[in-house]
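There are 2 protein chains.
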Amino acid sequence: MKNITDILEERIKSLKNPTVVGLDPRLDYLPDALKKTATDSASAAQALEEYNRRIIDSIKDIVPAVKIQSAFYEMYGYHGVAAMEQTAAYAKKNGLIVMADVKRNDIGTTAEAYAAAFLDGDNYDYITVNPYPGYDGIKPFADACAKNNKGIFVLARMSNPSAADIQNMTLATGEPLYMHIGGLIEQWGRSMVGESGYSAIGAVVGATNPTEAAALRAKFKSVFFLVPGYGAQGGKGKDAAASFDGNGGGAIVNNSRGIIAAYKTDKYKGMTYYAAAREAAVAMADDLRAALGL
Amino acid sequence: MKNITDILEERIKSLKNPTVVGLDPRLDYLPDALKKTATDSASAAQALEEYNRRIIDSIKDIVPAVKIQSAFYEMYGYHGVAAMEQTAAYAKKNGLIVMADVKRNDIGTTAEAYAAAFLDGDNYDYITVNPYPGYDGIKPFADACAKNNKGIFVLARMSNPSAADIQNMTLATGEPLYMHIGGLIEQWGRSMVGESGYSAIGAVVGATNPTEAAALRAKFKSVFFLVPGYGAQGGKGKDAAASFDGNGGGAIVNNSRGIIAAYKTDKYKGMTYYAAAREAAVAMADDLRAALGL
Numbered sequence: 054m055k056n057i058t059d060i061l062e063e064r065i066k067s068l069k070n071p072t073v074v075g076l077d078p079r080l081d082y083l084p085d086a087l088k089k090t091a092t093d094s095a096s097a098a099q100a101l102e103e104y105n106r107r108i109i110d111s112i113k114d115i116v117p118a119v120k121i122q123s124a125f126y127e128m129y130g131y132h133g134v135a136a137m138e139q140t141a142a143y144a145k146k147n148g149l150i151v152m153a154d155v156k157r158n159d160i161g162t163t164a165e166a167y168a169a170a171f172l173d174g175d176n177y178d179y180i181t182v183n184p185y186p187g188y189d190g191i192k193p194f195a196d197a198c199a200k201n202n203k204g205i206f207v208l209a210r211m212s213n214p215s216a217a218d219i220q221n222m223t224l225a226t227g228e229p230l231y232m233h234i235g236g237l238i239e240q241w242g243r244s245m246v247g248e249s250g251y252s253a254i255g256a257v258v259g260a261t262n263p264t265e266a267a268a269l270r271a272k273f274k275s276v277f278f279l280v281p282g283y284g285a286q287g288g289k290g291k292d293a294a295a296s297f298d299g300n301g302g303g304a305i306v307n308n309s310r311g312i313i314a315a316y317k318t319d320k321y322k323g324m325t326y327y328a329a330a331r332e333a334a335v336a337m338a339d340d341l342r343a344a345l346g347l
Numbered sequence: 054m055k056n057i058t059d060i061l062e063e064r065i066k067s068l069k070n071p072t073v074v075g076l077d078p079r080l081d082y083l084p085d086a087l088k089k090t091a092t093d094s095a096s097a098a099q100a101l102e103e104y105n106r107r108i109i110d111s112i113k114d115i116v117p118a119v120k121i122q123s124a125f126y127e128m129y130g131y132h133g134v135a136a137m138e139q140t141a142a143y144a145k146k147n148g149l150i151v152m153a154d155v156k157r158n159d160i161g162t163t164a165e166a167y168a169a170a171f172l173d174g175d176n177y178d179y180i181t182v183n184p185y186p187g188y189d190g191i192k193p194f195a196d197a198c199a200k201n202n203k204g205i206f207v208l209a210r211m212s213n214p215s216a217a218d219i220q221n222m223t224l225a226t227g228e229p230l231y232m233h234i235g236g237l238i239e240q241w242g243r244s245m246v247g248e249s250g251y252s253a254i255g256a257v258v259g260a261t262n263p264t265e266a267a268a269l270r271a272k273f274k275s276v277f278f279l280v281p282g283y284g285a286q287g288g289k290g291k292d293a294a295a296s297f298d299g300n301g302g303g304a305i306v307n308n309s310r311g312i313i314a315a316y317k318t319d320k321y322k323g324m325t326y327y328a329a330a331r332e333a334a335v336a337m338a339d340d341l342r343a344a345l346g347l
């Protein structure tokens, strides 16, 4: 049977587009008419969901996946969580692979409860997970992935400047911590490698550190990468390319505000937010194709 | 002005009880009559909230704080999140200090959104945070704490067996990672030390590793500890004692199922769940007082 990462790789290849669109909406991004409808948590959540739906309609035939960042929904309390669930359901209905960027982490039965929250239902195909608790904090998620044919991306080397504070600490072995974590991720996912050669247990590896991404890519060949940091954080196609294998596979690159708020930039001035999102997604696909020689 | 940890320390001292009751309810814990009302996500969430309310009523005059584990609510979707919010509001109304055990972690504006979700409103006094993203992932929470007089507990050395996989890695400096993280936590919280000598930026340090807790306690004198692992995970009062300073201050010890599901054990057989919770909380306070010489 194909695992979820096989399915993701197939979609990426058929669209020639290793892009995941980050649905991280903020009220600031919304056009005035929609923003005005947001007068409390319930209506703000509804406005974000409406915004997401139009973007999904506009990009669903050119990108394989969306990533939903839970923080921007949780700030509107349970109304926001309902909007996150509905956004995910709408994206799934429209044929997209859906990632929940929740960075959850806990142990034992608590991690089982998080796995039930995000990996048991139909809404999400992948979630992001923080590795700090060690294997006790991974196994419940990995078990849910095996049972439901889902996947996780475990934080390895993040895209932000201070990620180095901890992730680049040199261990007594001489290895930086992120390489040790990369090795754990490979080991945790070894029994879940699919036909594509990639496991359902992947890693988060930022586009902003191409040297480190290349080191991880070279060493951990069965680990699929989710790559943040493209666009607003400074990463470009040629930086993201370090996370891919020799065949343009093995990774997917996220872009959030660079796509969903593209209409706010000079380049797409005068367009609707959803038309601009499509244009920006096309431009990003072109950039990645050029960088990867696709 | 007193910071939130000064206020927590005062409550602990006036009750002579450094216990936080973990409100991590599961349907399995509920008495049959209440469990029967849980037929879908909405009614399950309502049943958990009802369960929590009776426990809060029963323990509010003998413990200073409760800790709400988000996973057990999120598994019921937005209904569960509403029940979590209502549980927190009820606990606050009843004079308890409320911690949300969410272990959130992200960077920049995403961490700001999580801080808005959990540290801007009235429901929560503290949340738990994972340090893996480094200071970019702490600063937005620390800023919200300074603005709203709230606190965070950052994971340092967790209570689960495999925490050692990562947290005990020896660094090139010879130091284990958890000690390095302890140093970062002290540094991150240095500007937020209150009258009690403790900062609003605390650390999570498991009761199951007293030697490591003692090393952290000895070195980082301004860091207040949230101590999981007591009870069901095997930690006892004398193990937890390693996290306290010489005056019986500087730490608070969590117990979840050992209190809220005490009525399921032989010791409290025949009691209601909320009466048993009170008895178990009294027994735990006695154990900690004896271990700390209070």
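Taken in sequence, the protein lines are chains A and B. Position 53, counted from 1, in the first sequence is what the working numbering calls 106; the numbers after and before it change by one each time, with no gaps. Position 215, counted from 1, in the second sequence is what the working numbering calls 268; the numbers after and before it change by one each time, with no gaps. Quick reminder that beta carbons are idealized off the backbone N, C-alpha and C, glycines included. Note that this is a predicted model, so its numbers are computed, not measured.
- For A:T140, the closest Cβ of chain B is not nearer than 8 Å.
- Measuring C-alpha to C-alpha distances from B:Y179 to each of B:C198, B:L76, B:D340 identifies B:C198 as the nearest.
- A:A268 places its beta carbon 8 Å or farther from that of B:A225.
- Within chain A, no C-beta atom comes less than 8 Å from the C-beta of B:G290; the nearest is roughly 22 Å away.
- Taking a C-beta distance under 8 Å as the contact criterion, B:P184 and B:E165 do not qualify as a contact pair.
- Listed by position along chain A, the residues whose Cβ is nearer than 7 Å to that of B:Q122 are T163.
- When secondary structure is reduced to three states using DSSP, A:M232 falls in the helix class.
- Sequence-distant partners of B:Y167 (beyond 5 residues in either direction) whose C-beta falls short of 7 Å from its own C-beta, in its chain, are R157, D159.
- By the Cβ neighbour-count rule, B:G190 is buried, with 16 or more other Cβ atoms within 10 Å of its own.
- A:E239 sits close to A:V276, with the two beta carbons spaced by under 8 Å.
- Taking a C-beta cut-off of 7 Å against chain B, none of the residues of the segment 259 to 292 of chain A qualify.
- The beta-carbon of B:S249 is placed no less than 8 Å from the nearest beta-carbon of chain A.
- The Cβ-Cβ distance between B:V306 and B:L341 falls below 8 Å.
- B:V73 is the residue among B:G174, B:K274, B:V73, B:A153 whose C-alpha sits nearest the C-alpha of B:G311.
- Bridge pairing for B:F278: B:A256, B:A304 [DSSP].
- Sorting A:A124, A:G288, A:K113 by C-alpha distance to the C-alpha of A:V335 places A:K113 at the top.
- In the structure shown, B:R157 falls within a strand segment according to DSSP collapsed to helix, strand and coil.
- Counting the other Cβ atoms within 10 Å of the Cβ of A:A98 gives 16 or more, which makes it buried.
- For B:I219, the neighbours in chain A by C-beta distance under 9 Å run, in chain order, P184, Y185, P186, G187, L230, H233, I234, L237.
- Look at A:V151 here: in three-state DSSP terms it is strand.
- Taking C-alpha positions only, B:G323 is separated from B:K317 by approximately 9 Å.
- Of the residues B:S244, B:M232, B:G259, the one whose Cα lies closest to the Cα of B:A271 is B:M232.
- Looking only at B:N202, B:S94, B:L101, B:T163, the smallest Cα-Cα distance to B:D85 is reached by B:L101.
- Listed in chain order, the alpha helix (DSSP H) runs fully inside the segment 171 to 242 of chain A are 192 to 201, 217 to 220, 230 to 241, counting runs of at least 4 residues.
- If only complete runs of 3 or more residues are kept, the segment 55 to 88 of chain B shows the beta strand (DSSP E) at 72 to 76, in order along the chain.
- Comparing C-alpha distances from B:A285 to each of B:G133, B:D196, B:A333 shows the shortest one belongs to B:A333.
- The beta carbon of A:G130 falls within 8 Å of a beta carbon belonging to chain B, placing the residue at that interface.
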